[in-house]
Structures are given as C-alpha cells and as structure tokens.
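Its first residue numbered 3, the sequence shown is counted upward by one per residue in our numbering.
Heads up: the structure comes next, in structure tokens.
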Amino acid sequence: MALLSKIFGDANLRVVKTFEPVVEEINALEARFEVLSPEELRTKTTEFRERLSKEETLDDILPEAFAAVREASKRTLGQRHFDVQLMGGIVLHQGKIAEMRTGEGKTLVATLPAYLNALTGKGVHIVTVNDYLSRRDAVWMGQIYDALGLTVGVLNHEASYLYDHSAKPPAEDAERDLLGSFRVVHDFLRPVSRKEAYAADITYGTNNEYGFDYLRDNMAYTLEQQTQHGYSFAIVDEVDSILIDEARTPLIISAPDEESGELYRTFARLVPRLKAPEDYTVDEKLKAVAITEEGIDKVEGLIGKKLYEGGHEAETIRLVHHLEQALRANALYLRDRDYVVKDGEVIIVDEFTGRLMPGRRWSEGLHQAIEAKESVQVQKESRTLATITFQNYFRMYEKLAGMTGTAATSAEEFHKVYKLDVVSVPTNKPNVRKDLPDLVFRTEKGKFMALASRVKALNEAGAPV
Numbered sequence: 003m004a005l006l007s008k009i010f011g012d013a014n015l016r017v018v019k020t021f022e023p024v025v026e027e028i029n030a031l032e033a034r035f036e037v038l039s040p041e042e043l044r045t046k047t048t049e050f051r052e053r054l055s056k057e058e059t060l061d062d063i064l065p066e067a068f069a070a071v072r073e074a075s076k077r078t079l080g081q082r083h084f085d086v087q088l089m090g091g092i093v094l095h096q097g098k099i100a101e102m103r104t105g106e107g108k109t110l111v112a113t114l115p116a117y118l119n120a121l122t123g124k125g126v127h128i129v130t131v132n133d134y135l136s137r138r139d140a141v142w143m144g145q146i147y148d149a150l151g152l153t154v155g156v157l158n159h160e161a162s163y164l165y166d167h168s169a170k171p172p173a174e175d176a177e178r179d180l181l182g183s184f185r186v187v188h189d190f191l192r193p194v195s196r197k198e199a200y201a202a203d204i205t206y207g208t209n210n211e212y213g214f215d216y217l218r219d220n221m222a223y224t225l226e227q228q229t230q231h232g233y234s235f236a237i238v239d240e241v242d243s244i245l246i247d248e249a250r251t252p253l254i255i256s257a258p259d260e261e262s263g264e265l266y267r268t269f270a271r272l273v274p275r276l277k278a279p280e281d282y283t284v285d286e287k288l289k290a291v292a293i294t295e296e297g298i299d300k301v302e303g304l305i306g307k308k309l310y311e312g313g314h315e316a317e318t319i320r321l322v323h324h325l326e327q328a329l330r331a332n333a334l335y336l337r338d339r340d341y342v343v344k345d346g347e348v349i350i351v352d353e354f355t356g357r358l359m360p361g362r363r364w365s366e367g368l369h370q371a372i373e374a375k376e377s378v379q380v381q382k383e384s385r386t387l388a389t390i391t392f393q394n395y396f397r398m399y400e401k402l403a404g405m406t407g408t409a410a411t412s413a414e415e416f417h418k419v420y421k422l423d424v425v426s427v428p429t430n431k432p433n434v435r436k437d438l439p440d441l442v443f444r445t446e447k448g449k450f451m452a453l454a455s456r457v458k459a460l461n462e463a464g465a466p467v
C-alpha cells in the first residue's frame, strides 16, 4: 500500500498542488492592489464585469478578483486571507466541497468565490444552518462586499434585510469586527421585501428559507409575486449536514382542511391503553406504526364500533388514519425531544440543530394528533399544497459548492448523489490535534458513565472541558 502511494502520490495532494501557481499569481498582485484608493478598488468590480461581457471567463479574472477581495478584507476587517484560504476559495469556485478544519476561517473563505461569481449578475446564494448565522455573516462579511460595490441580502424566517453600510457607530463597528462570531449589530440590517433580498448580488439564508421560498414561488399566480430569480451558484455551509443528513427531509406547505378535533381527542385518550407489541408494532427508523389484529379488536371494543365495516370504506379509512396518527404521536414523538409545548402551542424541534421551528407543522394529521395528546387546542387538519426535498432543491443549481470540517467520510455519497468532489484543504499551521477512534457503547447509560468519568479525570488534571 505504501509503495502504491509513493508511485501514484496522494490524489488530494496532487489537486492541491494545481492551486499553487494561481495562489502565487494572487500574491504577486497584492502590492498593486494595496496602492489603490477606495474608489479605485470599488471600480474594479465594474472593470471585471466589462471584461466578462467581452468573453473573458471567471477563471481568467479569478486571480485579480481574489486579490481585490483580500485587499477589501484587509481594509474593512483587518483580516488577510491566508494562502490556504485562497485555495479553499478556488475549490468552492470549481463547484466542489472544501473540507476545512474548524477554526480555519470558512466564513472568510466564502467571500472569494461569492464575489467572483456575483460578477455575472446572476446572484449567489450562501446557505447557513440558522437565521442567526445568516444575519451575522451578512453583517460581518458585508463590509467586504460593500467596499467592492456589491449588495448583500439576508433571509430570515419572518423578515428579510439588505446590508446597510450607512449605519456605522464607530465603537460598535470595531467591536463587531473583533467579536464578529458572537455579536450582530442590527443597525446594519435594513428591512426590505423578500424580492429585494433575492435581488442582491449575494444573499445569505438558511436551507429552509430558500426551499420554502421556492415552493411559494411555484404557488404564485403571477411573475411579480415570485421572489427568487434563478439558481446559478450556491455555497452551502456545513454541507454534510444539509446535503446528506437532511437530504430526504421534505419541505411541505400545507393548508387547513377538514375539522376533526373531537376524533383526534377521542383517539388520544384511547391509545395509551394499547400496548406494544401485542396491540401494535413500532418502526423507529421509518417513524411508522402498524396496528395488530389484537389491537384492532381492543380498539373496536373501546369505541363501540367496527373499524373495518363493509360498505363504509370512506369512514373506515378516516378512522384508521386517525388511529395510526394517534399511535405515532404517542409511541414515536416525545415532548421536549421532538417538540415542546409553549403557550398552548406544539412547536417542532429541528432534529438536526435542536432549534425550535415556530410556524412549522407536521402534515397528514400528525400535528393535530400531538396537540390532542398534549391537551392543547387542536387546529384544523392540513393538506399538502407543495413539497420538495433538500436534495431535489439543491440539485437545481447550475453550480453547487460546500464547506465543512467532516466531508471526507461522505465523499462517495456526495459524488454519487450530487456529482460533487471533496478536496481537503491544508491547514494554515501544522495540525497538532490527535484524532482518536470513535468509542461505541452498547447502552446510553454506559456512554454517559464513561463521559462523566472522563470529565472527572480531566477536571482533576486541571484541563479545561
């Protein structure tokens, strides 16, 4: 194995080495860009766009565009892109996944390909994992784009914004640049319509916001009501979480349907009397339940009527549907894990991020079944109007790229599903961290006992945990 590696070399290393001449070219341009006035640096954007209109390509102007972004970053944030960050920017521009270790500055890396591709005028979408990061990154990195004459939009759950450079309280601005990862100065975000946020050169938002806006656009009656205007280039942060872990998660827009509150409450009172596995079986992986013959007999005795009765197929389907949803709500969905009850409302907890998702509801009557289980007001049942998975949504982009610290383990799946290659970007300084093998425990109790023991040992040694 070692001999083969020596003969053919490391494939990832060979890819990284192809970036070195480009990085050298960018570095050679640094002195030329340092002497430009703010106005001259800003007009570089106009110059680049004119050159693109005369049949130059993005690859042709990449070195100068990256040099411009680096200079703008030095002037606005006091941060200079390292050579390895330039490499990461090249990887993203090529429509690949950049695997970068935690702390290597992925947020800053994204500014390079985002600026370059925004020069086409088709818009760039940067995908974050929550609303806070969308605001933070747009405000933090917005200074770079603004210095280069580009506009920046932000999508949040119930609001949308444009980065506004006119608000510049000196003390807060300096603190933001120093503590950008922890503080957002909302004075720099001006509320605008959804359409205006998408019309910006670069737009920050979560995967949920992009996906639901796509569904709403497909339900719009006129072009004027649509907000998105194309799917040219997307950069996805924590790409393994969004494109792999959540790939098959459906986004659903639904509307109120029939009123069945009393039926949900009836079955909510009934299902705790059923016992698994004799009355029903549970499939945790598929989030499914199946009633057994014994269970059917018990339910029929409790409600005083037949579930399956000839000549009443519609009523049978209705009763069985409510029974199955009540069973799912009782057996598969746990309070304070899958949802919380707040102010008399059942709010979904995102299974990947642990964040609350107010306004989102499970479909097909499941949400109503959980409301009945928790003895809160049962809202009207909903019917699906539009739906799409994250996988199908992101495959619509002409070019897709992503960043994460742990992509190599999913490299095969990325290539198979999205035709995306993974490139591991070197660290700026030698990595001294040791990556040890995973520890697997047979029980959750065993895992936490081992964790407590390890924390105790580290604490006694005076090491931080």
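For each residue, glycine too, the CB sits at the ideal point set by N, CA and C.
Remember, predicted model here, so these are calculated numbers, not experimental data.
Taken atom to atom, the span from the alpha-carbon of P115 to that of L64 is near 9 angstroms.
When the beta-carbon positions are compared, A67 and V427 stay at least 8 angstroms from each other.
For the pair of segments examined, the region 398-409 was found not to touch the region 349-364: the number of CB pairs separated by less than 8 angstroms stays below three.
In the DSSP assignment, L110 falls within the unbroken alpha helix (DSSP H) covering 108-111. In this structure, DSSP gives K344 an extended state, which the three-state scheme calls strand. Annotation for M451: the continuous alpha helix (DSSP H) segment containing it runs 446-462. When the Cα atoms are used, R385 and S262 turn out to be separated by approximately 13 angstroms. By the 16-neighbour rule on beta-carbons within 10 angstroms, L94 is buried. When the alpha-carbon of F269 is set against those of E26, N332, H188, the nearest one is in N332. Taken through DSSP and simplified to helix, strand or coil, Y399 comes out as coil.
Straight across, the Cα-Cα distance linking I372 with V348 is about 8 angstroms.
Per DSSP, R34 has no beta-bridge partner at all.
R192 is bridged by DSSP to L164.
With a threshold of 16 other beta carbon atoms within 10 Å, K447 falls short and is exposed. The straight-line gap separating the alpha-carbon atoms of Y206 and V17 is approximately 29 angstroms. Contact annotation: L265 and L304 have beta-carbon atoms that are not nearer than 8 angstroms.
Counting along the chain, D85 sits inside the alpha helix (DSSP H) bounded by residues 85-95. The continuous alpha helix (DSSP H) containing T47 extends over residues 40-55.
In this structure, E211 and L157 form a Cβ contact; the two beta carbons are roughly 4 angstroms apart against a cut-off of 8 angstroms. With respect to the 8 angstroms criterion, E280 and F354 are not classified as neighbours on the basis of their beta carbons.
Going by DSSP, V434 is part of no alpha helix (DSSP H) at all; its letter is neither H nor E. Rounded to whole angstroms, the Cβ separation of L121 and T47 is 7 angstroms, and the two are in contact under 8 angstroms. Proximity of the region 133-153 to the region 66-82 meets the contact definition, three or more beta-carbon pairs being nearer than 8 angstroms. Pairing F450 with V457, the inter-Cα distance amounts to about 10 angstroms.
As the crow flies, the alpha-carbon of G367 is around 34 angstroms from that of H231.
Cβ neighbours of N14 within its own chain (closer than 6 angstroms, five residues either side excluded): S426.
Rounded to the nearest angstrom, the gap between the Cα atoms of E286 and A292 is 12 angstroms.
A contact between stretches requires three or more CB pairs, one per stretch, nearer than 8 angstroms, and the region 106-114 meets this requirement with the region 80-89. One Cα belongs to E302, the other to K289, and the distance between them is close to 24 angstroms.
In this structure S195 is exposed. Its beta-carbon is surrounded by fewer than 16 other beta-carbon atoms within 10 angstroms.
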